[in-house]
Amino acid sequence: MTGALHNERTAAEARAYAQQKRAEKRTAAEEIGVDAEFIDRLVEGFYGRIREDALLGPIFAQHIADWPPHLSRMKAFWRSVLHNSGEFSGNPMLKHLAIPDLGFRHFAHWLDLFYETLRDLQSQSAATELIGGRARMIADSLLTAITIRRDGLGGGCGGEDLPHV
0 MTGALHNERT AAEARAYAQQ KRAEKRTAAE EIGVDAEFID RLVEGFYGRI REDALLGPIF
60 AQHIADWPPH LSRMKAFWRS VLHNSGEFSG NPMLKHLAIP DLGFRHFAHW LDLFYETLRD
120 LQSQSAATEL IGGRARMIAD SLLTAITIRR DGLGGGCGGE DLPHV
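No gaps in the numbering here: position 7 of the sequence shown is 6 in numbering that gives the first Met the number 0, and each next residue is one more.
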């Protein structure tokens with residue numbers, strides 16, 4: 000087998016493997032009630048709360064002028080996170096790093112609102128744990144990056160005290 004043919008076959012095998020794993024992840028999520036319709040309801044409900052929130056609403060209002068496209072992007076983001084759909088592209092880290100004075104209290108409150116929305120919509124504990132765990136991981140990652148940028152490497156555990164679902 001020539002090198003080019005081997006590389007082509009290896010790339011095709013890798014794509015097939017990735018597609019299989021994506022399908023498995025989506026199926027596992029759907030089996031516990033986390034389908035695309037649920038993700039749509041979660042995103043709509045959560046950002047409805049955000050927009051009304053005294054702490055986070057003004058921050059979002061400063062950065063989002065047109066809500067329908069933002070909600071569409073957030074639905075694609077959460078489908079990518081929960082179904083491994085691969086449909087989201089973007090850099091949420093850069094967006095959050097650009098917001099001045101964003102800190103622990105914002106992310107903790109974001110998580111509290113997220114968990115509240117999740118509990119209102121989801122009755123299966125496995126789904127709550129899956130989605131809540133991913134939300135916490137995302138909040139921790141964003142907060143840690145912000146803290147490291149502000150405080151240096153000493154801020155490497157910026158999100159360790161964030162609330163859990």
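Virtual Cβ for every residue (Gly too), placed ideally from N, Cα, C.
On a predicted model such as this, the values are computed, not experimentally measured, just so you know.
Problem set entry | Coarse secondary structure for residue 64, derived from DSSP in three states | The residue you call residue 64 lines up with position 65 of the sequence shown. Residue 64 falls in the coil class under three-state DSSP.
Problem set entry | Cβ pair residue 96, residue 144 closer than 8 Å | Translated into positions along the sequence shown, residue 96 becomes position 97. Translated into positions along the sequence shown, residue 144 becomes position 145. Cβ atoms of residue 96 and residue 144: closer than 8 Å.
Exercise. According to DSSP, is residue 93 helix, strand or coil?
Worked result: Residue mapping note: residue 93 aligns to position 94 of the sequence shown, counting from 1. Three-state result, residue 93: helix.
Exercise. Residue range of the alpha helix (DSSP H) that residue 33 falls in?
Worked result: By one-based count along the sequence shown, residue 33 stands at place 34. It is not in any alpha helix (DSSP H) - residue 33 carries neither H nor E in the DSSP assignment.
Problem set entry | Among 27, 162, 25, 45, nearest to residue 107 - alpha-carbon criterion | Indexing the sequence shown from 1 puts residue 107 at position 108. Nearest option by C-alpha distance: 162.
For this session: Look at the Cβ atom of residue 80, then the Cβ atom of residue 131, and state whether they are nearer than 8 Å.
Result: By one-based count along the sequence shown, residue 80 stands at place 81. By one-based count along the sequence shown, residue 131 stands at place 132. Not a contact, by the Cβ cut-off of 8 Å.
Exercise. With 16 as the cutoff for other CB atoms within 10 Å, does residue 16 come out buried or exposed?
Worked result: The residue you call residue 16 lines up with position 17 of the sequence shown. Under this definition residue 16 is an exposed residue.
For this session: Would you decide whether residue 82 is buried or exposed? Buried here means 16 or more other CB atoms lie within 10 Å of its CB.
Result: As a working mapping, residue 82 is identified with position 83 in the sequence shown. Buried.
For this session: Would you mind listing the alpha helix (DSSP H) stretches within the stretch 74-136 that are 4+ residues and don't spill past its ends, in chain order?
Result: Positions of the alpha helix (DSSP H) runs, each at least 4 residues long and wholly inside the stretch 74-136, are given as 91-96, 103-120 in order along the chain.
For this session: Specify the secondary structure class of residue 151 as computed by DSSP and reduced to three states.
Result: Within the sequence shown, the letter at position 152 stands for residue 151. Coil at residue 151, not helix or strand.
For this session: For residue 53, name the three-state secondary structure that DSSP assigns.
Result: For the purposes of this step, residue 53 is identified with residue 54 of the sequence shown, where counting begins at 1. The answer is coil: DSSP assigns residue 53 none of H, G, I, E or B.
Exercise. Would DSSP call residue 41 helix, strand or coil?
Worked result: On the sequence shown, position 42 is the one that residue 41 refers to. Three-state DSSP puts residue 41 in a helix.
For this session: Look at the alpha carbon of residue 46 and the alpha carbon of residue 24, and state the distance between them as a whole number of angstroms.
Result: Here the question's residue 46 lines up with position 47 in the sequence shown. Here the question's residue 24 lines up with position 25 in the sequence shown. Cα-Cα distance, rounded: 25 Å.
For this session: For residue 136, count neighbouring Cβ atoms within 10 angstroms of its own Cβ and tell me buried if that reaches 16, exposed if not.
Result: Reading the sequence shown from its first residue, position 137 is the one you call residue 136. Counting Cβ neighbours within 10 Å, residue 136 comes out exposed, since fewer than 16 surround it.
Exercise. Just checking my contact of residue 44 with residue 120 at CB under 8 Å: how many whole Å lie between their CB atoms?
Worked result: Within the sequence shown, numbered from 1, the residue matching residue 44 stands at position 45. Within the sequence shown, numbered from 1, the residue matching residue 120 stands at position 121. The pair is a contact, with the Cβ atoms about 6 Å apart (cut-off 8 Å).
Exercise. In chain order, what residues of the same chain lie with their CB nearer than 7 Å to the CB of residue 42, ignoring the 5 residues before and after it?
Worked result: In the sequence shown, counting from the first residue as 1, residue 42 sits at position 43. 70, 73, 74, 77, listed in sequence order.
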